[in-house]
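So the structure is just underneath, and the comments pick up after that.
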Amino acid sequence: MTWARYREVWIRGLEMIRSITIENLRGVARGSVEGLSQVSILLGKNGSGKSTVLEAIYIASSWVSSSDPIYDVKRLDYVISRRGGSGNWNSSREALWFSMDTSRDIAIDLGIGDARYRFILTGSVRDPCALLRLDRETAVRLGLPEGRSYSCLSLNRVYIYSGEAVNTLFVDKGRILESHALKTLADLLGGVALIDTRALTRLRSIERSCWRMVAAKRLDKRIVEVLREEFEPDAEGLTYIPMGSEYVLSLQLSKTSVRIDDLGDGAKMSVVTGLMLLAYRPRVILLEDPESHMHPTGLASYLGFVLRLAKDMGSQVIVSSHSIELVRIARRLCRDLGLELSIHFIERSSDGELRSRRLSSIDSEVLEKLGLDPRFLYVI
Numbered sequence: 004m005t006w007a008r009y010r011e012v013w014i015r016g017l018e019m020i021r022s023i024t025i026e027n028l029r030g031v032a033r034g035s036v037e038g039l040s041q042v043s044i045l046l047g048k049n050g051s052g053k054s055t056v057l058e059a060i061y062i063a064s065s066w067v068s069s070s071d072p073i074y075d076v077k078r079l080d081y082v083i084s085r086r087g088g089s090g091n092w093n094s095s096r097e098a099l100w101f102s103m104d105t106s107r108d109i110a111i112d113l114g115i116g117d118a119r120y121r122f123i124l125t126g127s128v129r130d131p132c133a134l135l136r137l138d139r140e141t142a143v144r145l146g147l148p149e150g151r152s153y154s155c156l157s158l159n160r161v162y163i164y165s166g167e168a169v170n171t172l173f174v175d176k177g178r179i180l181e182s183h184a185l186k187t188l189a190d191l192l193g194g195v196a197l198i199d200t201r202a203l204t205r206l207r208s209i210e211r212s213c214w215r216m217v218a219a220k221r222l223d224k225r226i227v228e229v230l231r232e233e234f235e236p237d238a239e240g241l242t243y244i245p246m247g248s249e250y251v252l253s254l255q256l257s258k259t260s261v262r263i264d265d266l267g268d269g270a271k272m273s274v275v276t277g278l279m280l281l282a283y284r285p286r287v288i289l290l291e292d293p294e295s296h297m298h299p300t301g302l303a304s305y306l307g308f309v310l311r312l313a314k315d316m317g318s319q320v321i322v323s324s325h326s327i328e329l330v331r332i333a334r335r336l337c338r339d340l341g342l343e344l345s346i347h348f349i350e351r352s353s354d355g356e357l358r359s360r361r362l363s364s365i366d367s368e369v370l371e372k373l374g375l376d377p378r379f380l381y382v383i
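And the structure:
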């Protein structure tokens, strides 16, 4: 690795999300997760709020761009529809609110380095995007009128949202990005990728947005390597073949070719993930339950692929999981790769309060040696 590349990865490591506080999102009235590291695993029972934490970070990224270039969909529309398969901001936005009460703003606070940033989602805004609450110093520097309750910046539309949603003031985008802190924030959140099982249903969008960038540098070889390692030992390459009236991405084997659509879910998820990460090199990788449909050996290959890429790119990885095998695999991989690992036990009360407890990699290992499973900390 060159010095310039080493420096870039080192700086990226300093600019990671260290904490998140959530208010009024999904089933979470209020709660926080502290001490996130380069690799963080969220453990907890079903309904504890793990996926909501991932969604909150993804929602905050809509401040930079309301649309996801990989899935070719509005980010908030994706969050609304991804669990049940239907709905969008215009028809079903209240599904995002705690108790469906849109009269109170959703708030997401991100701790990045030594700074904290508050993002607001308000039901009265027509455009589906998060709004960043500006501190007084930034508002004054941008020449905004004083005396407002708050001012929020939506970077993709370059406007200021003040007080009630009816007041809009336009500000030059160049002046906004003169702020080193806001530019750093925009660079970080502009590179957030959410990878969930629903991604398997958006293969065509992912191919259209990612394949050219991957194939141009022959990075598809790295995807074939991970497929050959565990999922398809006979894999030789990726190519497009005609099928009916279109061309479809297919895996070349020694004696035939198979559409990516027809591969097992583990192999298909490896292709989808590889295309997304290699094409866009995201700063923050959000993985939801990657153990789904995977044998532990396949999970080890998949997670090793993701974490090696994350180390190379200086990316942060935040994973939700129910799997103790995933914890053990991640612990071994992070030790071998020199990545900091933290494990967060998440639980949520009946009134929507989310609580978390942080375990280091060593803490979780000690618990297991004592015969205690970190997934059952709520019993202890």
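The working numbering puts the first residue of the sequence shown at 4, with every later residue one more than the last. Using N, Cα and C, we set each Cβ at its ideal position, and we do this for glycine too. Computed from a predicted model, the values in this text were never measured in an experiment.
Anticipated Cβ contact below 8 Å, residue i with residue j, distance rounded
i: Leu156; j: Ile123; result: With a Cβ gap of about 10 Å, Leu156 and Ile123 do not count as contacting.
i: Ile163; j: Ile25; result: Incorrect: roughly 24 Å between the Cβ atoms, too far for contact.
i: Arg136; j: Arg121; result: 4 Å
i: Glu294; j: Leu302; result: 5 Å
i: Pro131; j: Val195; result: Pro131 to Val195, Cβ: 16 Å. No contact.
i: Met272; j: Arg262; result: With a Cβ gap of about 15 Å, Met272 and Arg262 do not count as contacting.
i: Ser304; j: Glu233; result: 4 Å
i: Ser345; j: Leu39; result: 7 Å
Through-space distance from residue j to residue i, alpha-carbon basis
i: Ile62; j: Asp265; result: 32 Å
i: Ser22; j: Glu356; result: 16 Å
i: Phe348; j: Ser69; result: 31 Å
i: Asp104; j: Leu280; result: 36 Å
i: Thr141; j: Ser182; result: 8 Å
i: Ser54; j: Gln319; result: 17 Å
i: Ser353; j: Gly50; result: 10 Å
i: Arg358; j: Leu336; result: 27 Å
i: Lys372; j: Lys77; result: Note that Lys372 scores 49 on pLDDT, short of 50, meaning its location in the model is unreliable; the coordinates nonetheless yield the value given after this. For Lys372 and Lys77, the distance between alpha carbons rounds to 45 Å.
i: Arg139; j: Ala32; result: 27 Å
i: Leu147; j: Ile109; result: 24 Å
i: Thr300; j: Leu310; result: 15 Å
Residue of the options minimising C-alpha distance to residue i
i: Asp80; options: Ser68, Arg96, Ile73; result: Arg96
i: Ser106; options: Asn27, Glu37, Lys48, Glu239; result: Asn27
i: Gly30; options: Ser65, Arg360, Arg207, Phe101; result: Phe101
i: Tyr243; options: Pro236, Arg211, Lys176; result: Arg211
i: Arg85; options: Ile198, Ser323, Lys186, Val42; result: Ile198
i: Leu172; options: Ala189, Lys186, Glu149, Ala59; result: Glu149
DSSP three-state assignment for residue i, whether helix, strand or coil
i: Asp112; result: strand
i: Val309; result: helix
i: Pro293; result: coil
i: Asp71; result: strand
i: Met19; result: coil
i: Ala133; result: coil
i: Leu329; result: helix
i: Leu336; result: helix
i: Glu233; result: helix
i: Asn93; result: helix
i: Ser363; result: strand
Per DSSP, cross-strand counterpart(s) of residue i
i: Met246; result: Glu249
i: Glu37; result: Ser22
i: Arg121; result: Asp112
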